[in-house]
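According to the working numbering, the sequence shown holds residues 9 to 447 in order. Scroll down for the structure; my scribbles are underneath it.
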Amino acid sequence: MAFITEPPAPHSPLILAEPDTSPGPFEGPEKLLEVWFAPCPDALPSPATSPINGASTSQHQREGVAPDGKPFLGLRNVPRAVWEEMLDIVKCKVLSVVEGDEIDAYCLSESSMFVAPHVLILKTCGTTLNLYGLHRIIDIARRYCGLTTVWRCFYSRKSFFFPELQQGPHRDWKEEVTFLDKLFGATGSAYTVGPINRDHWLLYLTAPNQKALRAVDGPERPLALPCPRAAKGDQTLEILMSHLSNEGRAPFFVPEGLEGTSGHKLGADISRRLGIDQLFPQHETVLDAFGFEPCGYSSNAVIGTGMSATGNDGGYFTIHVTPEEGWSYASFECNVPLPDKDETAQGGRPDLRSLVRRVVDIFQPNRLSITLFVSTERDHETTHQDAWSAIGGDLVGEFDRKDRIGYEFDGYDLVFGCYERRGWAEPPSPIVASKATFP
9 MAFITEPPAP HSPLILAEPD TSPGPFEGPE KLLEVWFAPC PDALPSPATS PINGASTSQH
69 QREGVAPDGK PFLGLRNVPR AVWEEMLDIV KCKVLSVVEG DEIDAYCLSE SSMFVAPHVL
129 ILKTCGTTLN LYGLHRIIDI ARRYCGLTTV WRCFYSRKSF FFPELQQGPH RDWKEEVTFL
189 DKLFGATGSA YTVGPINRDH WLLYLTAPNQ KALRAVDGPE RPLALPCPRA AKGDQTLEIL
249 MSHLSNEGRA PFFVPEGLEG TSGHKLGADI SRRLGIDQLF PQHETVLDAF GFEPCGYSSN
309 AVIGTGMSAT GNDGGYFTIH VTPEEGWSYA SFECNVPLPD KDETAQGGRP DLRSLVRRVV
369 DIFQPNRLSI TLFVSTERDH ETTHQDAWSA IGGDLVGEFD RKDRIGYEFD GYDLVFGCYE
429 RRGWAEPPSP IVASKATFP
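So, in structure tokens, the structure goes:
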């Protein structure tokens with residue numbers, strides 16, 4: 009239940025709840041699910057012609073308008089209470105929400121959710137049941153938005169620290185793949201990226217479903233009309249960091265004497281101290297951050313309008329930190345279009361190299377993996393070369409690159425890189441002893 013007492017200013021976070029916290033080792037690496045019902049908002053059916061069991065969508069729509077005064081579209085029309093019911097299945101809850109012009113960013117008790125008109129992104133950590141929300145997401149899209157077909161689905165995660173503590177299909181990658189195959193059949197493909205005996209990354213994705221586009225073909229949306237895109241195309245960067253240094257972990261523990269402080273105040277203080285609120289120009293950033301007690305941190309940021317698929321050059325980033333020694337972990341995900349050269353000195357955005365180095369400097373990991381997804385709608389060969397070159401051996405200052413692996417998918421290129429701090433040796437892990445206290 010919301011505990012704000014007056015209407016928030018436009019774009020400011022709606023604070024809805026405080027999280028439950030419990031002692032013990034926590035699984036930091038997230039499960040990341042993306043469900044796309046169209047390649048862009050313009051490919052969605054008109055609200056007036058979106059059937060819900062033969063009825064108009066208007067009786068089911070969310071009240072109000074977006075901060076820019078325009079009506080909500082597609083999935084953003086779904087009332088918040090409906091999404092919260094879906095999240096109950098996943099075993100997490102909403103702490104606060106930022107309503108952007110083109111995207112809603114939900115800060116969750118276990119990571120984040122982003123809702124744009126045409127896509128829902130659900131990122132959850134711990135022992136959440138991420139995939140159990142998938143059937144409900146698809147049902148909500150059909151019932152509330154008239155979206156009857158999934159265009160594409162992506163599911164990915166890093167290898168777990170505590171796989172035996174997971175529940176449902178998340179106990180094993182094969183079970184997750186089986187769960188997804190039952191829904192998507194032959195359109196889905198599963199990949200293990202990186203060495204299976206060390207840190208690796210797991211990916212499941214489906215091929216584009218042209219039925220989703222044929223469903224909206226007509227006078228309102230001729231398929232010959234391309235979706236508007238950012239000048240450089242779409243890209244998503246993930247930096248998955250582990251074995252944080254003592255200096256990198258310390259800021260994410262609640263200081264003595266500040267116990268009981270609001271999580272949002274703790275999060276805002278951490279963001280200011282570490283410069284997280286300055287990763288992108290502050291004039292285009294709306295940051296919603298939360299500090300957990302006794303430790304931990306999450307933040308969502310909406311940059312500009314929040315989306316690049318409309319040609320407005322916006323996007324989001326999200327950060328999650330589990331700082332406990334032995335299983336320390338931090339993640340950074342960002343889909344904001346970046347310039348070819350660093351423009352921070354002129355008050356602009358960083359380039360990819362500068363952004364990666366700034367993030368790594370904040371969290372000070374000893375090991376990290378980077379994934380870069382880049383759309384290939386324009387010049388495929390150039391896009392592939394640019395993505396491959398971006399994950400260079402000298403990308404991260406004092407680190408050696410251990411792996412660089414590339415994949416070409418339908419519509420996207422993926423480059424995966426794994427780095428370790430030069431001269432670092434992995435210490436004996438206390439995780440085994442910690443596991444003994446858990447059934």
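Cβ atoms here follow ideal geometry from the backbone N, Cα and C, with glycine treated the same way. What you are looking at is a predicted structure, and each value in this text was computed from that prediction instead of being measured.
Three-state secondary structure (DSSP) at S279?
Helix at S279.
Among all the DSSP beta bridges, which residues are the ones paired with C303?
C303 pairs with F261.
In whole angstroms, what separates the C-alpha of D180 from that of F170?
In a straight line, the C-alpha of D180 is about 11 Å away from that of F170.
Based on Cα-Cα distance, which residue from A309, G334, S336, M121 lies nearest to G535?
Any property of residue 535 remains undetermined from this structure, which presents the chain solely from 9 to 447.
L257: which of P263, C100, P331, P216 sits nearest, CA to CA?
Note that residue 257 corresponds to Arg in the displayed sequence, not to Leu. Among P263, C100, P331, P216, the Cα nearest to that of R257 belongs to P331.
Taking its Cβ as the centre, do 16 or more other Cβ atoms sit within 10 Å of I247, making it buried, or is it exposed?
By the 10 Å Cβ count, I247 comes out buried.
Per DSSP, what kind of secondary structure is S66 in: helix, strand or coil?
Per-residue confidence for S66 stands at a pLDDT of 46, beneath the threshold of 50, marking its modelled position as unreliable; no derived number is given.
Please report the Cβ distance between H178 and L211, rounded to the nearest whole angstrom; I am assuming they are in contact, meaning their Cβ atoms lie under 8 Å.
At roughly 15 Å, the Cβ-Cβ gap does not stay under 8 Å, so H178 and L211 are not in contact.
Per the DSSP calculation, C100 is bridged to which residue(s)?
C100 is not bridged to any residue.
Please classify G314: does DSSP put it in a helix, a strand, or coil?
Reduced to three states, the DSSP call for G314 is coil.
Specify the secondary structure class of E92 as computed by DSSP and reduced to three states.
E92 falls in the helix class under three-state DSSP.
Please state if the CB of D296 and the CB of S119 are separated by a distance shorter than 8 Å.
No, the Cβ-Cβ distance between S119 and D296 is not below 8 Å.
Note down the Cα distance separating A46 from R88, rounded to an integer number of angstroms.
Using only the alpha carbons, I get a separation of about 21 Å.
Determine whether the beta carbon atoms of G299 and I278 lie at a separation below 8 Å.
Yes, Cβ-Cβ distance for G299 and I278 is below 8 Å.
Can you name the residues that DSSP bridges to R160?
DSSP, once it has assigned bridges, lists W44 as partnering R160.
Kindly indicate the opening and closing residues of the alpha helix (DSSP H) around R361.
Note, R361: alpha helix (DSSP H), 360 to 371.
According to DSSP, simplified to helix, strand and coil, what is Q174?
Residue state, collapsed to three classes: coil.
Using a threshold of 8 Å, state whether the C-beta atoms of S383 and G405 are closer than that.
Not a contact, by the Cβ cut-off of 8 Å.
Could you tell me if E184 is buried or exposed, where buried requires 16 or more neighbouring beta carbons within 10 angstroms of its beta carbon?
With 16 or more other Cβ atoms within 10 Å, it is buried.
Between which residues of its own chain and Y199 is the CB-CB distance below 6 Å, once the five residues before and five after are set aside?
Around Y199: L211.
Just the C-alpha distance for C100 and K131, rounded to the nearest angstrom, thanks.
Rounded to the nearest angstrom, the two C-alpha atoms are 11 Å apart.
Looking at M315 and I129, is the spacing between their C-beta atoms short of 8 Å?
Result no, Cβ atoms of I129 and M315 do not sit closer than 8 Å.
So what does K39 bridge to, in DSSP terms?
Paired residues: T132, R165.
If you compare alpha carbons, which of R361, G431, G425 is closest to D207?
Nearest option by C-alpha distance: G425.
DSSP state of F192, grouped into three classes?
Three-state result, F192: helix.
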